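As you go down the protein sequences, you meet chains A and B in turn.
Residue numbering for the first sequence follows my numbering, starting at 1 and increasing by one per position.
Residue numbering for the second sequence follows my numbering, starting at 1001 and increasing by one per position.
Encoded as structure tokens, the structure appears first; notes follow it.
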Amino acid sequence: NAGVTQTPKFRVLKTGQSMTLLCAQDMNHEYMYWYRQDPGMGLRLIHYSVGEGTTAKGEVPDGYNVSRLKKQNFLLGLESAAPSQTSVYFCASRRQGSGYNEQFFGPGTRLTVL
Amino acid sequence: KNQVEQSPQSLIILEGKNCTLQCNYTVSPFSNLRWYKQDTGRGPVSLTIMTFSENTKSNGRYTATLDADTKQSSLHITASQLSDSASYICVVSARNNDMRFGAGTRLTVKP
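Here you go:
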């Protein structure tokens, strides 16, 4: 039981390049989330999904796209990376239902955009 | 505006000492408050959850308190250990499942 995994762990991009971050969970959770974490700020929600084939915008969605083709995977895409997207990205998942259900986080992806 | 403020931003204590971290929030209507521990280079891990009716909850050397009237929570760490060095994040959920994250308190425990 690996929990939530993220690939890659680190990545350096040049401005304008594109990439996809992959999140996978083996807990059969319905809900999945993508956050970014910047120094001095709390985690901010980029996009989330409440089930396979559904996605929704979070607090800071601009410049990102997501897809949830399979229940266990949640992909975050950057079509044209910008230096402002330099951050640490965390994926999380949780069971459907009560807001008391715990979110489980992946180890993070550190992205640098030059 | 739903916000979560944590203090202090950072804290350095000696091993074996106690400390208290603070979390103030304006999230409404309130559902629950979680404290997470985030080790360097890792994702956050839940320590404890507080609901509206709970005032105090302990998890080993960690004790969380909640005052829903003043919208304040604290996390008290007793007899600190080197492994307690981490960031501690307060997350407050509203009843519509909207979650707000505090910026965290960076705790360093020195030998």
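Just so it is clear, CB atoms sit at the ideal spot from N, CA and C, and this is done for glycine as well.
The structure displayed is predicted, hence computed values, not measured ones.
Nonlocal neighbours in the same chain, by C-beta distance under 7 Å from residue i, ignoring five residues either side
{"i": "B:S1046", "result": "R1034 and Y1036"}
{"i": "B:K1110", "result": "I1012, L1014 and E1015"}
{"i": "B:N1113", "result": "The requested residue 1113 of chain B is not part of the displayed model; chain B covers only 1001 to 1111."}
{"i": "B:N1055", "result": "T1065 and L1066"}
{"i": "A:G51", "result": "E30"}
Where residue i sits in the DSSP three-state scheme
{"i": "A:Q72", "result": "coil"}
{"i": "B:D1067", "result": "strand"}
{"i": "B:L1021", "result": "strand"}
{"i": "A:L114", "result": "coil"}
{"i": "A:Q85", "result": "helix"}
{"i": "B:S1028", "result": "coil"}
{"i": "B:S1080", "result": "coil"}
{"i": "A:T15", "result": "coil"}
{"i": "A:G77", "result": "strand"}
{"i": "A:T109", "result": "strand"}
{"i": "A:N65", "result": "strand"}
{"i": "A:T20", "result": "strand"}
{"i": "B:S1053", "result": "coil"}
{"i": "A:V60", "result": "coil"}
{"i": "B:Q1072", "result": "strand"}
{"i": "A:R95", "result": "coil"}
{"i": "A:Y100", "result": "coil"}
Residues of its chain near residue i, where Cβ-Cβ distance is below 6 Å and the 5 sequence neighbours each way are ignored
{"i": "B:Q1022", "result": "S1007 and S1074"}
{"i": "A:L114", "result": "K14"}
{"i": "B:S1053", "result": "none"}
{"i": "A:N73", "result": "A24"}
{"i": "B:R1095", "result": "P1029 and S1031"}
{"i": "A:Y48", "result": "Y33, A56 and G58"}
{"i": "A:F10", "result": "R110"}
Exposure of residue i, with buried meaning 16 or more beta-carbon neighbours within 10 Å
{"i": "A:G97", "result": "exposed"}
{"i": "A:Y31", "result": "buried"}
{"i": "A:T112", "result": "exposed"}
{"i": "A:T7", "result": "exposed"}
Residues bridged to residue i (per DSSP)
{"i": "B:S1010", "result": "B:R1106"}
{"i": "A:R44", "result": "A:R36"}
{"i": "A:V50", "result": "Answer is none; A:V50 lacks a bridge partner."}
{"i": "B:Q1038", "result": "B:S1087"}
{"i": "A:Q6", "result": "A:C23"}
{"i": "B:L1047", "result": "B:L1047 is not bridged to any residue."}
C-beta contact flag for residue i and residue j at 8 Å
{"i": "A:Q22", "j": "A:Y35", "result": "Looking at the sequence itself, residue 22 of chain A is Leu, so the reference to Gln does not match. No, they are not a contact pair."}
{"i": "B:T1026", "j": "B:K1071", "result": "yes"}
{"i": "A:T55", "j": "A:V66", "result": "yes"}
{"i": "B:R1106", "j": "B:S1087", "result": "yes"}
{"i": "B:S1080", "j": "B:N1018", "result": "yes"}
{"i": "B:T1040", "j": "B:A1064", "result": "no"}
{"i": "A:L76", "j": "A:I46", "result": "yes"}
Cβ-based neighbour list, residue i, same chain, cut-off 8 Å, excluding 5 preceding and 5 following
{"i": "A:F104", "result": "G3, V4, Q25, M27, H29, A92, S93 and R94"}
{"i": "B:A1068", "result": "F1030 and F1052"}
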